[in-house]
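Enquirer:
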Amino acid sequence: MGITKICCIGAGYVGGPTMAIIAQKCPQIQVTVVDLNQDRIAAWNDEDVNNIPIYEPGLSDIVKEARGRNLFFSTDVEKAIDDAQMIFISVNTPTKTYGKGKGMAADLKFIELCARQIAKVAKTDKIVVEKSTLPVRTAEAIKSILDNTGNGVKFQILSNPEFLAEGTAVQDLLNPDRILIGGDTTEEGQKAIQSLVDVYANWVSLDKILTTNVWSSELSKLTANAFLAQRISSINAMSELCEKTGADVNEVARAIGMDSRIGSKFLKASVGFGGSCFQKDILNLVYIAKSYGLTAVADYWEQVIIMNDHQKRRFSDNIVKTLYNTVSGKKITFLGWAFKKDTNDTRESAAIYVADDLISENASIVVYDPKVSRKKVLADLDYLETRSSDVNASSILSFENPYEACAGAHAIAVLTEWDEFITYDWQKIYDSMQKPAFVFDGRNVLNSSDLEKIGFIYKAIGS
Ligand code: UDX
Ligand code: ADP
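Quick note on numbering: the sequence shown equals residues 18 to 480 in this note's numbering.
#1: Between V31 and the ligand ADP, is the CB less than 6 Å from at least one heavy atom?
#2: Just reading off the alpha helix (DSSP H) that E82 is part of, what are its end residues?
#3: Tell me the DSSP bridge mates of D348?
#4: The ligand UDX and A182: does the residue's C-beta get closer than 6 Å to at least one heavy atom of that ligand?
#5: Say yes only if the C-beta of S287 is nearer than 6 Å to one or more non-hydrogen atoms of the ligand UDX, and no if none qualify.
#6: What separation, rounded to the nearest whole angstrom, lies between the Cα atoms of L375 and K392?
#7: Between G291 and the ligand UDX, is the CB less than 6 Å from at least one heavy atom?
#8: Can you tell me which residues form a DSSP beta bridge with L88?
#9: Specify the secondary structure class of S415 as computed by DSSP and reduced to three states.
#10: Determine whether the Cβ of N361 lies closer than 7 Å to any Cβ atom of chain C.
#11: With which residues is K22 paired in a DSSP beta bridge?
#12: For I249, verify whether its CB is less than 6 Å away from any heavy atom of the ligand UDX.
#13: Distance check for I58 and L151, CA to CA, integer angstroms please.
#14: Rounded to a whole number of angstroms, what is the C-alpha to C-alpha distance between K476 and I196?
#15: So, under 8 Å CB-CB, I382 and I336 are touching, yes? Tell me the CB distance rounded to an integer number of Å.
#16: In terms of residue numbering, what span does the beta strand (DSSP E) encompassing S176 cover?
#17: Is F127 near the ligand SAM, with its Cβ less than 6 Å from a heavy atom?
#18: Would you say L191 and L181 are within 7 Å of each other, going by their C-beta atoms?
#19: Which same chain residues, not among the five before or five after I478, have their C-beta less than 6 Å away from its C-beta?
#20: Alpha carbon to alpha carbon, how far is K452 from A355? Give it in angstroms, no decimals.
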């Protein structure tokens, strides 16, 4: 079937950018992105494309080009489902916060709601594409809901996991390492796979489009994220050993990265990985392994998370220890709150946990992030439920200007590797701070010798 109408349920960090690129590259296809969140849809439709709800370099230009031509954002979920031949599900699948599998399993309630809504509305055959990261065998559950509650129309379920990384989403979508499509081995399943291959073939060469069975596709996504996160926990484990032995983790990373079997990417020691995927997907993997009784497999992967939690805690402990064992009443300025540079996403950002620890030690935290508002910072802290919202609010300040944020601080902690931090006037910052002036660089991005020459006491990760 030549697809001419696509609907995507979920206008978030995955659905928004992915559909913008499909619309840009396939002008013959009408792409409608729907979401229950009216504010989010209103922001996607904002006349000024700089106000779209997701910050990704290059995205606003693409939205500008395609929006109103063949890219539409709407809250009319039912109409979009009814019209489309192919429906992508890109809703959030957070870790469960209640009941069985609490803190481990993926919460599939939003996925199930989508499936039920598709079943209710669809009057013609549809191809349903899972885009959200899901536990293995979710496609089967979606299929069962669709087949048993639908209007007798036929559904094909495909798994098409997203491998884009935030901050580089546009480039990752335009030039993917691979596109993975899982589907049924039946003739109808193969036809559905081909329809989706044809969509991507508008800009991706066929040798980069892999087709597998549904479960291999679902598990590949979890496996990819587990391997990537494992590399970070591995180098972070080495960073602690480097600090004790006099080795430098950047040198170690360079040395091992030149071994082509290891490779140089994802070896940057840091305050710990964040983001919406790594922790969630590994916990999910651990939960699945446990549910099959594979305790050794579950324990093996859980260690990646344990190491990451340790790295975040180690960073806040080091701040307290270095500031003479107390940060009570001291002002600590965070440069960066997002979980990485070039995104306004803060989900699972290490900054949240470091701030939470320091607030428990009665520190005052001041935040400057070029793309994150104080409202978001507060919401992130409140979500942890460590203390009342009022106490969080009185412990956190945020500034629009980094120099104001740093003035009078006892210490600066770099939590995100935003490029602009490197080129600040560090002498000016030093002059405005309490002395001795400390910098804790959780991203190893600042120039240690320049800072030390100015007079800072500079602490990096892993050296
Ligand atoms: C990740 C996967 O890379 C992507 O393929 C998948 O689709 C979604 O999950 P994302 O979470 O957006 O993407 O960003 P990523 O670049 O992977 O970074 C994740 C976290 O790891 C960030 O907090 C980042 O700062 C940290 N990181 C990354 C390191 O600490 N060191 C590194 O060397 C690389
Ligand atoms: P991701 O990073 O996976 O894209 P986000 O949280 O950024 O996650 O986006 C998911 C979006 O899906 C949210 O905007 C949410 O409002 C939307 N959503 C969740 N459930 C539904 C639903 N049943 N119908 C429409 N939109 C939904």
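Glycine included, each C-beta is placed from N, C-alpha and C at the ideal position.
From a predicted model like this one, the values you see are computed outputs, not experimental measurements.
Expert: Taking the geometry as given:
#1: In the sequence shown, residue 31 corresponds to position 14, counting from 1. Flag set: Cβ of V31 near the ligand ADP.
#2: Numbered from its first residue, the sequence shown carries residue 82 at position 65. Start and end: L76 to A83.
#3: For the purposes of this step, residue 348 is taken as the residue at position 331 of the sequence shown. In the sequence as presented, Asp is not what sits at residue 348; that position holds Lys. Answer by DSSP bridge pairing, in chain order: S381.
#4: The residue given as residue 182 occupies position 165 in the sequence shown. Yes, since a heavy atom of the ligand UDX falls inside the 6 Å radius drawn around the Cβ of A182.
#5: Along the sequence shown, one-based indexing puts residue 287 at 270. Yes, the beta carbon of S287 sits closer than 6 Å to at least one heavy atom of the ligand UDX.
#6: Taking the sequence shown and counting its residues from 1, one reaches residue 375 at position 358. Taking the sequence shown and counting its residues from 1, one reaches residue 392 at position 375. Approximately 19 Å between the Cα atoms of the pair.
#7: Residue numbering aside, residue 291 sits at position 274 when the sequence shown is read from its first letter. Because some heavy atom of the ligand UDX lies under 6 Å away, the Cβ of G291 counts as near it: yes.
#8: As a working note, residue 88 is residue 71 in the sequence shown. For L88, which the question treats as bridged, DSSP gives the partners V48 and R84.
#9: Within the sequence shown, residue 415 is the residue found at index 398, counting from 1. DSSP places S415 in strand when its eight states are reduced to three.
#10: Considering every chain present, this structure includes no chain C. It has just one protein chain.
#11: Taking the sequence shown and counting its residues from 1, the one referred to as residue 22 is at position 5. Beta-bridge pairing links K22 to Q47.
#12: Position 232 of the sequence shown holds residue 249. Result yes, Cβ under 6 Å from the ligand UDX.
#13: The sequence position of residue 151 within the sequence shown is 134, counting from 1. The sequence position of residue 58 within the sequence shown is 41, counting from 1. Taking the straight line joining both Cα atoms gives about 24 Å.
#14: Translated into positions along the sequence shown, residue 476 becomes position 459. Translated into positions along the sequence shown, residue 196 becomes position 179. Each residue's alpha carbon lies about 41 Å from the other.
#15: Position 365 of the sequence shown, counted from the first residue, corresponds to residue 382. Position 319 of the sequence shown, counted from the first residue, corresponds to residue 336. Actually they are not in contact, since the Cβ atoms of I382 and I336 sit about 11 Å apart, beyond 8 Å.
#16: Looking up residue 176 in the sequence shown gives position 159. It spans F172 to S176 - the beta strand (DSSP E) in which S176 sits, taken as one unbroken run.
#17: Of the ligands this structure carries, namely the ligand UDX and the ligand ADP, none is the ligand SAM.
#18: Start at 1 with the first residue of the sequence shown, and residue 191 comes out as number 174. Start at 1 with the first residue of the sequence shown, and residue 181 comes out as number 164. Cβ distance not < 7 Å, so L191 and L181 don't count as in contact.
#19: Along the sequence shown, read from residue 1 onward, the residue named residue 478 stands at position 461. Closer than 6 Å at the Cβ level, and outside the excluded window around I478, lie S256, A286 and N461.
#20: In the sequence shown, counting from the first residue as 1, residue 355 sits at position 338. In the sequence shown, counting from the first residue as 1, residue 452 sits at position 435. Approximately 28 Å between the Cα atoms of the pair.
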